[in-house]
Amino acid sequence: MKKTSEKEVYLTIQALQRMPYYLHCLEKAEEDGIQTISATSIANELKLNDVLVRKDIAAVSSTQGKPKSGFQVEGLIRDIKEYMGYNDHKDAVIVGAGSLGRALLGNSEFEQYGLSITAAFDISKDLIGTAISGIKVLPIEKLESYCAENGILIGIITTPMEEAQKVADVLVRAGVQAIWNFAHVDLELPPQIKVENVHLQDSLMMLSYNIHRNEGTKEEA
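All letters in the sequence shown, in the order written, are residues 2 to 222 by my numbering.
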């Protein structure tokens with residue numbers, strides 16, 4: 002993380018959640034040949050409050066933006082990646098090589114965020130020993146030893162929900178620091194383990210509800 006001259010800068014959860022959007026906006030600007038950009042331009046592009054954007058960017062930027070031209074795009078991209086830890090290499094494993102696991106294994110964009118998936122694990126004899134997107138599928142029995150021996154920091158769980166807690170327990174014993182949980186269950190973890198839950202079913206339910214409500218509104222009109 003980037004440090005100020007006096008102390009570490011900490012952003013709110015909401016500000017941290019905005020950082021990937023800033024980064025995507027800046028990378029698009031860089032692709033378009035734009036060298037400098039103002040906080041107001043970013044705010045307009047993302048439909049955010051410009052004062053909020055200016056505050057967020059000031060917290061992570063290593064330089065002050067110029068009054069008329071704004072911030073150097075390349076430098077601001079670098080600062081956001083450094084603050085968010087994208088420049089730090091982190092090895093991860095996926096547990097569950099089903100359809101969702103295969104989709105994640107095939108995602109080549111993780112590397113640009115410092116995430117390298119080194120192995121997958123499953124119980125299926127049909128999958129064990131095969132390679133998915135160049136990543137070998139190993140038996141679940143080797144999960145703990147593999148993670149411990151290779152210093153794995155992140156475990157990605159894409160198993161059925163009834164298996165997720167057991168997998169999480171193994172990952173914790175093996176020394177992982179964070180879990181990316183795609184199983185539709187809340188895990189019981191030690192307080193020092195960071196977890197990010199991605200409950201796809203919840204998102205689908207909300208999407209379905211909003212469509213249903215929108216159709217109901219049309220019928221009443």
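Every residue gets a Cβ at the ideal spot worked out from N, C-alpha and C, and that includes glycine. Since the model is a prediction, treat every value here as computed from it, not as a measurement.
Cβ neighbour criterion (16 or more within 10 Å) applied to residue i
i      : result
Thr160 : buried
Val168 : buried
Leu205 : exposed
Ala104 : exposed
Ser6   : Only weak support is given to the placement of Ser6: the predicted model assigns it a pLDDT of 37, under 50, and the question is left unresolved by the model.
Asp80  : buried
Ile14  : exposed
Ile212 : exposed
Ile158 : buried
Gly102 : buried
Element boundaries [beta strand (DSSP E), containing residue i]
i      : result
Asp92  : 91-96
Val196 : 195-198
Asn182 : 179-182
Terminal residues of the alpha helix (DSSP H) in which residue i lies
i     : result
Ile81 : 74-85
Check whether residue i and residue j have beta carbons under 7 Å apart
i      : j      : result
Lys91  : Gly115 : yes
Gly156 : Ile180 : yes
Val138 : Ile124 : no
Lys182 : Leu188 : It should be pointed out that residue 182 corresponds to Asn in this sequence rather than to Lys. In this structure, Leu188 lies closer than 7 Å to Asn182 by Cβ.
Ala224 : Gly176 : Nothing about residue 224 can be reported from this structure: the residues present for the chain run from 2 to 222 only.
His185 : Met162 : yes
Asp51  : Ala44  : yes
Ile58  : Ala40  : yes
Gln193 : Leu154 : no
Ile226 : Phe122 : Given that the chain is displayed from residue 2 to residue 222, the structure contains no residue 226 and the question cannot be resolved.
Thr37  : Ser63  : no
Ile78  : Leu27  : yes
Cutoff 7 Å: residue i Cβ touching any chain B Cβ
i      : result
Leu106 : Within the model displayed, chain B is absent; a lone protein chain is all it includes.
List in chain order: all unbroken beta strand (DSSP E) runs of 3+ residues lying wholly within the region 101-165. 116-123, 136-140, 155-158
In chain order, which alpha helix (DSSP H) runs of at least 4 residues are fully inside the region 24-83? 40-47, 51-61
Three or more C-beta pairs below 8 Å linking the region 16-27 and the region 74-91: yes
Taking 8 Å as the cut-off, does the region 168-178 touch the region 141-151 (at least 3 CB pairs, one atom from each stretch)? yes
Using a Cβ distance threshold of 8 Å, determine whether the region 64-82 contacts the region 92-99, with at least three qualifying pairs required. no
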